[in-house]
Each structure stands twice: as structure tokens, then as C-alpha cells.
Amino acid sequence: MADSPATIALGDPSQFDLRAAGAGIERKPVGMHFYKRDWPLDALGRVRYLQGAYSFDIPRVSDVMGSSSPEVPEEGIYAWNIGAFAMDGERVPHALARDRLFALFDDILRAGWRRHILPSEPRLRGPEAMRHALAQNGHYPLDPRTVPSLEQWMQLNRKLPYWNFWADGVYLSVNVIDEPALRNSKMGGVYMFSIELESETPHFWKSFRNVQDMLRWKELIPAALERSAARRLRDERELRSQGYTIDETYRDPPILALGQTQSS
């Protein structure tokens, strides 16, 4: 694995260095611009994401791609997608794949990132978040501070588990993709971690279905968040009736584009 990491950052394209001759912009007919680099599987790379105190490293990287659009030039690069592996060779023990993922989470949390739960989702943490994710067929973000047992890990991987974080207007998602044919705890598996970083604008675009509404997201998001809050409260009432404990200490991230500030 390369010792000198490539660097990536959101915003100004001049603030990153993919450290490869010819790595750079690809212009697509639809107007999107992509910044890409791939590493061979026998020489995986290391990428450092730059965001001041919130910076962190990602090991065993196979590919990175940054996205920008002339439609929103003020955003610069508004998203990065990174592919990384859990193994150094062809396979990895399942417990080691889990431990390497949670070592990455430890780095992310130490850098100041916080767990993110969508405003429409119930506020659950720890083992209860895991229980709910399994009940929802994987459609719920797990708690990065709760390390599953090997049995739980093998069960979670059938649901394509994911973990969400936020820090100072940036949203981070980590998804685990394994090889279903190798879900056998007595033999090694193949694991890929799909990592996405995005700024506020593309994050909130996802709240709307048509382009016109996406471009007006700052105007429309307050009403959308009210609807999300109502759904959260409804689902939390139902979960309480099932014996779940709601994490009432959880606070949604501030929306910096609306002038909101972070609460302590």
C-alpha cells in the first residue's frame, strides 16, 4: 500500500492531489465533471480526506471519484465516492474485516464526526439500533460505537449495513458490501467499503424529486423537515410501544446554509 496518501477535499478542486500522472477531470456530455483515480488490487492506496480538524485517512483504497457540475459552480467538488477493501490479499477473516471497519470509525469519531440519523428516522442507538436495522431489512443507520459480535456481523452483512456521520456541513456515509457466496464464518470473505462524502447542497437535494425543487432546496427544506419530524415522532411512538428506548439526547445537524449554528 502506498505510503504517501492521495488527498481529497470538497469545494475548490485545487485543494486535492490524486498523486497520479493523468489523474484528473473527465467531462461528460451531460455536463458533469469527474475527478478520478484507480489503484491496482495488488497495490491499494491510502487517501486522506481534508477538512481541518475533521480530516481522516482511508486505507486500502481502490478508487476515488469526485463530482462537480457547471450548473452549480459555487459548490466546486460537492461529493467524493471512495471504494476501499478490508483485505490486503484475496480474502480476509470476517472478524478482521469488522475490526478494520471499526478502526476506521474510531478514527472518524476521534476527528470530531458525529453519528447522523435522518430527520425522518427514529433516534435509536447501540444494540437497539442494530435490532431495528435487522427488523427493517437493513434500512436504518447503525451506531458506529457498537461493535457487533461475529454472529451479528455475519447477520448484518445480509442486509448491506451502513453508518452515517456529519461534521460542519459535510455528510459521510459508509456502506459494507461483501461477497454473499463467502458468508461462512469458518473461511475468509471479500469485503468492500463504499464511502461517500457530500456537502450540504447535494445532501438536501435528495429530499426532492425534480430538478426545480432541488435548486430551491433552501426555500423548501423547512417544510420538508417538518414532515420528517412528524414521521419520526410517529415511528418513535410505535417503537416505544415495542419496548425500544428512544435516544432523546440526539440532535439533528445544523443547516449551515440557513444560518443555523451547532448546539452543544
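Taken in order, the sequence shown gives residues 13 to 276; the numbers are from this note's numbering.
Idealized CB from N, CA, C, for every residue including glycine.
Where does residue i fall in DSSP's three states?
i, result
"LYS198", "coil"
"SER276", "The predicted model places SER276 with a pLDDT of 49, which falls under 50 and marks its position as unreliable; any figure quoted below should be read in that light. Residue state, collapsed to three classes: coil."
"VAL159", "coil"
"PRO71", "strand"
"ALA32", "coil"
"SER26", "helix"
"ALA65", "strand"
"ALA96", "strand"
"ALA21", "coil"
"ASP55", "Residue 55 is actually Ala in this sequence, not Asp. Of the three classes helix, strand and coil, the one that applies to ALA55 here is coil, per DSSP."
"ALA14", "Reliability fails at ALA14, whose pLDDT of 48 lies under 50, so the model's placement of it is uncertain and the value that follows must be treated cautiously. In this structure, ALA14 counts as coil in the three-state DSSP scheme."
Just to confirm my understanding: we take residue i, look at its own chain, exclude 5 residues before and 5 after, and list those with CB closer than 6 Å. What are they?
i, result
"ARG49", "LEU30, ALA32, ALA35 and VAL76"
"HIS128", "ASN176, PHE177 and TRP178"
"GLY23", "GLY88"
"LEU237", "PRO131"
"ALA21", "GLN27, PHE28 and LEU62"
So, at 7 Å on beta carbons, what are the nonlocal neighbours of residue i in its own chain, with the 5 sequence-adjacent residues on each side left out?
i, result
"GLY150", "LYS171, LEU172 and PRO173"
"PRO139", "THR158"
"PHE114", "VAL159"
Do you know whose CA, among the options, lies nearest residue i's CA?
i, options, result
"LEU209", "TRP92, GLU83, GLY78 and SER16", "TRP92"
"ALA98", "TYR66, SER240, ASP190 and GLY138", "ASP190"
"HIS109", "PRO25, ARG246, GLY200 and SER26", "Checking the sequence, you will find Ala at residue 109 rather than His. Ranking the options by Cα distance to ALA109, first place goes to GLY200."
"ALA107", "LEU184, ARG246, GLN164 and ARG72", "GLN164"
"ASP180", "TRP229, GLN272 and PHE46", "GLN272"
"PRO52", "LEU113, ASP100, PHE220 and SER161", "ASP100"
"THR261", "ARG137, SER132, ALA55 and ALA241", "ARG137"
"SER240", "SER81, PRO131 and ILE94", "PRO131"
"ALA286", "GLU133, ALA96 and THR257", "Past the edges of the chain, shown from 13 to 276, lies residue 286, and the structure says nothing about it."
"LEU146", "ASP155, GLN167, VAL159 and LEU162", "GLN167"
"SER206", "GLU248, PRO71, ASP54 and LEU227", "PRO71"
"TYR203", "ASP259, ASP69, ASP111 and GLY64", "ASP111"
"VAL73", "SER26, THR19 and GLN27", "THR19"
"ARG244", "ASP119, ARG135, GLN63 and ARG103", "ARG135"
"ASN196", "ASP69, GLU86 and VAL104", "VAL104"
"LEU227", "GLY255, LYS198 and GLU86", "GLU86"
"GLN148", "LEU251, THR257, SER16 and ASP259", "LEU251"
"GLY95", "GLY57, PHE117, ALA65 and ILE120", "GLY57"
When we look at the beta-carbon of residue i and count the other beta-carbons within 10 Å, is it buried (16 or more) or exposed?
i, result
"ALA235", "exposed"
"LEU270", "exposed"
"ASN169", "buried"
"SER253", "exposed"
"PRO192", "exposed"
"ASP155", "buried"
"SER211", "buried"
"GLY255", "exposed"
Closer than 8 Å by C-beta to residue i: which residues in its own chain qualify, once you throw out the five before and the five after it? Chain order, please.
i, result
"SER67", "ARG60, TYR61 and ALA123"
"VAL84", "TYR90 and THR213"
"ARG126", "PHE177, TRP178, ALA179 and PRO265"
"MET142", "LEU154, ASP155, THR158, PRO160, GLN164 and LEU168"
Tell me the start and end of each unbroken alpha helix (DSSP H) in the segment 192 to 261 that is at least 4 residues and wholly inside, in chain order.
212 to 217, 223 to 227 and 229 to 253
Extract the residue ranges of the beta strand (DSSP E) inside the segment 102 to 185, only unbroken runs of 3 or more that lie entirely within it.
174 to 179
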